[in-house]
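Step one of this worksheet: look at the structure below.
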Amino acid sequence: MTAENNILARLVELQGTNFEVTDVQVKEHEVVWRIEHKEPAVYICSRCGSEVKGCHSRDWITLWDIPFGGKRSKWLVKRARILCSCSMNVRVEKLFFRSSHHQLTQRFVNYIEQILCTKMFTVADVARLFELDYSTVYKIDHEVLRRLIQELKIPDPIHISVDEKSFKKGHSYVTIVTDCDLKKVIWVSEGNSKASLDQFFIVLGPERCRKIKTVAKDLHAPYAASCAEYIPQALEVADPFHVVKRLTEAIDSCRQELAVGSTLTAGKRKVIHGLHWVLRYKQKNQSKRNLESLDRLAEINEPLYRAYLHKEAFFEFFNFKPSEVKEAEQFLIEWIVEAFKIKLQGLTDFAEYIRRNTKILLNIVLTQRSSAISEGINRKISVIKSMAYGYRNVQYFMLKIMQRCGVLGAFWRPA
Ligand SMILES: [Zn+2]
Numbered sequence: 003m004t005a006e007n008n009i010l011a012r013l014v015e016l017q018g019t020n021f022e023v024t025d026v027q028v029k030e031h032e033v034v035w036r037i038e039h040k041e042p043a044v045y046i047c048s049r050c051g052s053e054v055k056g057c058h059s060r061d062w063i064t065l066w067d068i069p070f071g072g073k074r075s076k077w078l079v080k081r082a083r084i085l086c087s088c089s090m091n092v093r094v095e096k097l098f099f100r101s102s103h104h105q106l107t108q109r110f111v112n113y114i115e116q117i118l119c120t121k122m123f124t125v126a127d128v129a130r131l132f133e134l135d136y137s138t139v140y141k142i143d144h145e146v147l148r149r150l151i152q153e154l155k156i157p158d159p160i161h162i163s164v165d166e167k168s169f170k171k172g173h174s175y176v177t178i179v180t181d182c183d184l185k186k187v188i189w190v191s192e193g194n195s196k197a198s199l200d201q202f203f204i205v206l207g208p209e210r211c212r213k214i215k216t217v218a219k220d221l222h223a224p225y226a227a228s229c230a231e232y233i234p235q236a237l238e239v240a241d242p243f244h245v246v247k248r249l250t251e252a253i254d255s256c257r258q259e260l261a262v263g264s265t266l267t268a269g270k271r272k273v274i275h276g277l278h279w280v281l282r283y284k285q286k287n288q289s290k291r292n293l294e295s296l297d298r299l300a301e302i303n304e305p306l307y308r309a310y311l312h313k314e315a316f317f318e319f320f321n322f323k324p325s326e327v328k329e330a331e332q333f334l335i336e337w338i339v340e341a342f343k344i345k346l347q348g349l350t351d352f353a354e355y356i357r358r359n360t361k362i363l364l365n366i367v368l369t370q371r372s373s374a375i376s377e378g379i380n381r382k383i384s385v386i387k388s389m390a391y392g393y394r395n396v397q398y399f400m401l402k403i404m405q406r407c408g409v410l411g412a413f414w415r416p417a
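What follows is the structure in structure tokens.
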């Protein structure tokens, strides 16, 4: 073999194999590598792995490799069909450099996997970058995630948060468990039933379940049943993120109550209807224009204006220190009493919810749990949902959450 051939073989990592590069053509947009068997030719049986001397027939196949010097890299590979003593049938030889599912070399697939695992590029980005089908890159992404999840070991959690997330326009749910110390998702399972969360505790095992000290969750009854069974020792904490979300929704339902079903004049109802976003923002974040809208609201409908101010007052609850649990409880009681006086159904319902769950709300103060982690993860999941052009299956969506918000795929390893 000439020195030149040797260098070419090393560039495509064929040195020391039964293949060699017999020609390279540099074209405008691609580099074409011709790859053939070394003489005297030896073929590897794809069934039993033994070496076979003669071949039945040969043909050319195309494989795509890692781009070379900014051009697409195309391999024209001479492939043999062989007859091996292990079988009666003619079969194609084993090409060790070919990946199993795609018209791509294995090293190109590894390279794509590595890029996807940086989490810096979407499937669509990578497909565009390498001029590949979206579906090809999607399959590679799905496969690498499936492989990495097999190797994943769930960390030992102490403080967890459990949440459900809808997708497919609210028709399907997944259950998400977050490690509050790692600030990462450590588990995702299908559905939002008791069994969905049970799975997590079963995989974790009784010993690690016993070490869990606190659990924050939305007041979803099946989750409560699962926690009662597997982690009865864990202190139940309301998730501040969900509490605030409910409060915001409560005020919005007050707005709708007045804008749609009330006896107010059409003009007033129209103004109230338009306050959707204004009522969502915190007072300190309002623009000058929004503040004017609030002044106008104070004139035309005092109850809704009071409800808004009362919502604002609620945020003080999160400022209490663990030593002030008594004061925090008194604060909640007074807040509930005031809420009932405003006499708007949405707010009354929320006050009822606070009254029923005072104990676990006070545990927020006791444990100083913040809403930042859930907020961050929910934001990321929304991005994942918007990024994918329709998740074809729930498994992929779940893996994607584990990758983008969780402990999966932080480091890529070859198969
Ligand atoms: Zn064989």
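Per the numbering used here, the very first residue in the sequence shown carries number 3; after that it's consecutive. Virtual Cβ for every residue (Gly too), placed ideally from N, Cα, C.
Checklist entry - Three or more C-beta pairs closer than 8 Å, one from the stretch 399-416 and one from the stretch 148-156: is that the case here? => result Touching, yes, given that three or more Cβ pairs across the two stretches are closer than 8 Å.
Checklist entry - For residue 217, which of 25, 235 and 200 has the nearest alpha-carbon? => result Taking the first residue of the sequence shown as 1, we reach residue 217 at position 215. If you compare the alpha carbons of 25, 235 and 200 with that of residue 217, the shortest gap goes to 235.
Checklist entry - According to DSSP, what are the bridge partners of residue 181? => result Walking along the sequence shown from the start, residue 181 turns up at place 179. Residue pairing from DSSP places residue 181 in a beta bridge opposite 162 and 186.
Checklist entry - Do you know whose CA, among 80, 119, 204 and 106, lies nearest residue 135's CA? => result Translated into positions along the sequence shown, residue 135 becomes position 133. Minimum Cα distance to residue 135 is reached at 106.
Item to check | For residue 225 and residue 206, believed in contact at Cβ under 8 Å, the rounded distance | outcome: Residue mapping note: residue 206 aligns to position 204 of the sequence shown, counting from 1. Residue mapping note: residue 225 aligns to position 223 of the sequence shown, counting from 1. Approximately 15 Å separates the beta-carbon atoms of residue 206 and residue 225; this is outside 8 Å, ruling out the contact.
Checklist entry - What residue does the beta strand (DSSP E) around residue 75 start on, and which one ends it? => result Translated into positions along the sequence shown, residue 75 becomes position 73. In the DSSP assignment, residue 75 falls within the unbroken beta strand (DSSP E) covering 73-85.
Checklist entry - What did DSSP end up calling residue 407 once you bin it into helix, strand or coil? => result In the sequence shown, counting from the first residue as 1, residue 407 sits at position 405. Residue 407: coil per DSSP, three-state reduction.
Item to check | N-terminal and C-terminal residue of the alpha helix (DSSP H) that residue 343 is part of | outcome: For this step, residue 343 is matched to residue 341 along the sequence shown. Taken as a continuous stretch (DSSP letters only), the alpha helix (DSSP H) holding residue 343 covers 327-344.
Checklist entry - If we ignore side chains and look at the alpha-carbon of each, how far apart do residue 74 and residue 131 end up? => result Counted from its first residue, the sequence shown places residue 74 at position 72. Counted from its first residue, the sequence shown places residue 131 at position 129. Taken atom to atom, the span from the alpha-carbon of residue 74 to that of residue 131 is near 10 Å.
Next on the checklist: Assuming residue 69 is part of the beta strand (DSSP E), what are its boundary residues?
Outcome noted: On the sequence shown, position 67 is the one that residue 69 refers to. Segment 59-70, the beta strand (DSSP E) holding residue 69.
Next on the checklist: Just to confirm, is the Cβ distance from residue 182 to residue 168 under 7 Å?
Outcome noted: The count along the sequence shown starts at 1 and reaches residue 182 at position 180. The count along the sequence shown starts at 1 and reaches residue 168 at position 166. No.
Checklist entry - Under the three-state reduction of DSSP, which class applies to residue 382: helix, strand or coil? => result To locate residue 382, count along the sequence shown from 1; it is residue 380. Residue 382 carries a helical assignment under DSSP once its states are collapsed to helix, strand and coil.
Checklist entry - When the Cα of residue 133 is compared with those of 203, 346, 319 and 32, which residue comes out closest? => result Here residue 133 corresponds to residue number 131 of the sequence shown, with the count starting at 1. Of the listed residues, the one whose Cα sits closest to residue 133 is 32.
Item to check | Limits of the beta strand (DSSP E) - the one that residue 34 falls within | outcome: Numbered from 1 along the sequence shown, position 32 holds the residue referred to as residue 34. Element bounds for residue 34: 32-39.
Item to check | Cβ pair count under 8 Å reaching 3, the stretch 239-254 against the stretch 186-196 | outcome: They do not touch, by the three-pair rule.
Checklist entry - Taking the beta strand (DSSP E) that residue 237 falls in, what are its first and last residues? => result Here residue 237 refers to the residue found at position 235 when the sequence shown is read from its first residue. Run containing residue 237: 237-240, per the beta strand (DSSP E) assignment.
Item to check | Chain-order list of residues whose beta-carbon lies under 7 Å from that of residue 158 (same chain, five-residue window excluded) | outcome: Within the sequence shown, the letter at position 156 stands for residue 158. 210 and 213, listed in sequence order.
Checklist entry - In chain order, what residues of the same chain have a beta carbon less than 7 Å from the beta carbon of residue 110, not counting five sequence neighbours either side? => result As a first step, residue 110 must be located in the sequence shown, where it is residue number 108. So the list reads 66, 67 and 68, once near-sequence residues are dropped.
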